Structures are given as C-alpha cells and as structure tokens.
Amino acid sequence: MNRLRCVFVVARTEYLKWLTDPRVIIVGVLLVFMRSLAVEPLLERAVKFGEKLNILEPFVAVGNSGMLVMLMPCVFLVLISDYPKMTGSTLFFIRRTGKTNWFWGQVLFLLMAIVTFLLAVLVGSMLVSGGSFAEDWSNTVTKYSARFPNEAGSFTSQLLPSNLYNQLSLMSAVTHTLALMTMYLFSLSLIIYFFKLIHIQSFGLFAAIFIVAAGVMTCSLKMPSMWAFPMANTIVWLHYDEILRAQNFPVWCSYAYFGAAVSVLIAMNITAARKLQLYNIEMVE
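When the letters of the sequence shown are read in order and numbered with the numbering used here, they come out as residues 27 to 311.
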C-alpha cells in the first residue's frame, strides 16, 4: 500500500470514529458556555452602544478569555483522551501500514480533529454574533470605554482588551488566535499520545490537565513563569502592552516555543511508536 495512502486511510478511519463518538455532544455544551460567558456580554454592549459587532470579534474574545482558554483544551482533551484506540483493528492497520505510517496517520487525524473543533467554535461564535463582516475592529469594541468610562475595568472589557485592538488588526488577531490555539491543542494531544503509546494512558491525561492548570494559575497571578506554559503563549493580548507599541513577550517567541515543543514531542512519539508493543489489545470494536 502506498505510504501516503496508508497515512490517509488511518487518519480517515480514526476521524470518522471520532466524529461519531457520542462525546462530541460536549462541544455543544462548550458553545453554550461560550455564548453565555463571552458573546452575550459583547452583544449587550453592542445594543447599548448602538452599533453592531464585527462578526469575527466574538471568536477573538473566546480565544483570549482566560476562562474559555481553560475550558476549550479541557473539552478537547475529553474528546481525544482514549486515542489512539488500541483495538483489534489496530493490529490490522499496523501490519498493513507499518508502525511509522500508522503513527503519521494518527498525527494527521489529530490535526483534522483540531481543525474541526476550532471551526465549530469559530462558526458557532459567528452565528450568534449578530454582527457584520469588516476587516477592522468595530466601534463597539474600540470606542465603548471612551463613551462609558465607568465600565472600563469590567469583565466584559477584558474579553477584548485594548492590548488587542490598539496593537493588532482584527485579521491578525484572528490568525494568531487560530494558529496558537491549534499548536496548544496539538501539543497537549501529543503528550496524551506519548503516554498511551508507552501504555501509561491515565498519566498522559493527568500530565496534560496539570499543564493546563499550571498555565491558568500562573496567568491569573501574572507570574513571569507563565511563559513556560502553553496557555500564556496562546493568549494573544498577553504579548502586548496596553498602550505602547511594544511587546511584553514577542509573538514569534511563542511560535518558536510551540515549534520546539511539538518537534520534541513528535520525536518522542515516533520513538515510542517504533517500540510499541501491542499487548492487552481488545479484539472487538
């Protein structure tokens, strides 16, 4: 079987299983939380200000909210926590494709699952935004605090802080949010995969949750050590000063951080996949 075809077949098979997994319903629960915590407060501001939001602004708010940046990885970890599935078909695939091709099929599956998950969040936030599309930030976001200064320090103001709209165009904010969140989820997934491949599945999920929790804690306290964890590197506005055209932490360093992390994790996973011993495999689906 052609190598690329092997990789694609493995990825497609895993992806179809994943899409039909009953746990996918929790994405709907996440969208409800997303609407309640991020979208509705912005919509209330739009009504009060008298102008519509930009259709993409709620997604940027979701991707930069401390609460939702914690919830999104946790929901995704639940969705992929038992992957790669070690069943009777695993033996069949590995015999037909080889361990390396099987592993790269799993990596492609992960990327497909992450893109699908983030697209669901993006489309969900756009559908409930009630806004209109434009390349620039809306006046509701950029001028609301000037019109209502007494609300400048509120929770809703922190959803889209001035660190974003003073320093970045809307399209740049959307691009960075998507790219960094993709790498965040991919890194966490590779951690789970590694421990699954060496048959310590529960520890992999624990390690991933610990990394998320440590990121939440250090970001909440604005500790310098927060940049050692992926969460701070994912939140775009943390990289920028509120007013000055300066970066608290260069965005390129976050891309380098994730690039290094993913490279190391891929190498660890490939090594583990090549040494994979298939025992205690369930022979039924």
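We put the CB at the ideal spot given by N, CA and C, even for glycine.
What you are looking at is a predicted structure, and each value in this text was computed from that prediction instead of being measured.
Contact between Phe284 and Met207 is ruled out by a C-beta separation of about 10 Å, above the 8 Å threshold. Around the beta carbon of Ala139, 16 or more other beta carbons sit within 10 angstroms, so the residue counts as buried. Residues of the same chain with a CB within less than 7 Å of the CB of Leu302, apart from the 5 flanking positions on each side, are Lys125 and Leu223 in chain order. In this structure, the beta-carbon distance from Ser213 to Ala287 falls below 8 Å.
Note on geometry: alpha-carbon atoms of Ala298 and Gly230 lie some 14 Å from one another.
Contact annotation, Pro84 with Ser151: C-beta distance approximately 4 Å; criterion of less than 8 Å satisfied. The alpha helix (DSSP H) runs lying completely inside the segment 167 to 197 and spanning 4 residues or more are 170 to 173, 181 to 185 and 188 to 191, given in chain order.
Between Leu56 and Leu97 a beta carbon distance of about 6 Å is seen, short of the 8 Å cut, so the two are scored as contacting. One alpha carbon belongs to Leu291, the other to Ile217, and they sit about 7 Å apart.
Here Asn176 is exposed, its C-beta having fewer than 16 other C-beta atoms within 10 Å. Within the segment 195 to 219, complete alpha helix (DSSP H) segments of at least 4 residues are not found at all. Residues Leu82, Phe85 and Val86 of the same chain have their beta carbon placed closer than 7 Å to that of Val200, with the five preceding and five following residues left out of the count.
About 17 Å separates the beta carbons of Ser91 and Leu196, which is beyond the 8 Å limit, so they are not a contact pair. Counting of Cβ neighbours within 10 angstroms places Thr203 among the buried residues, the total reaching 16 or more.
Excluding residues up to 5 positions away in sequence, His265 lie with their Cβ nearer than 6 Å to the Cβ of Val277 in the same chain. As computed with DSSP, Ser228 is found in no beta bridge at all.
Distance from the CA of Glu66 to the CA of Ala258, rounded to the nearest whole angstrom, comes to 25 Å. Under the criterion of beta carbons closer than 8 Å, Val88 and Val53 do not qualify as touching, at roughly 13 Å. Closest in alpha carbon position to Arg173, among Leu45, Ala64, Ala282 and Glu77, is Glu77.
Taking a C-beta distance under 8 Å as the contact criterion, Leu136 and Ser215 qualify as a contact pair. Membership of Val88 in the alpha helix (DSSP H) is indicated by the continuous run Glu83 to Asn90. Counting other Cβ atoms within 10 Å of its Cβ, Leu190 reaches 16 or more and is therefore classed as buried. Comparing C-alpha distances from Phe34 to each of Phe129, Tyr219 and Ser198 shows the shortest one belongs to Phe129. Within the same chain, and ignoring the five residues on either side of Ser107 in sequence, the residues whose Cβ sits closer than 6 Å to its Cβ are Leu231. Its chain contains Ile237, Ala240, Gly241 and Thr244 as the residues whose beta carbon lies nearer than 7 Å to that of Phe255, once the 5 sequence neighbours on both sides are disregarded; these appear in chain order.
In the three-state scheme derived from DSSP, where H, G and I count as helix and E and B as strand, Gln132 is classed as helix.
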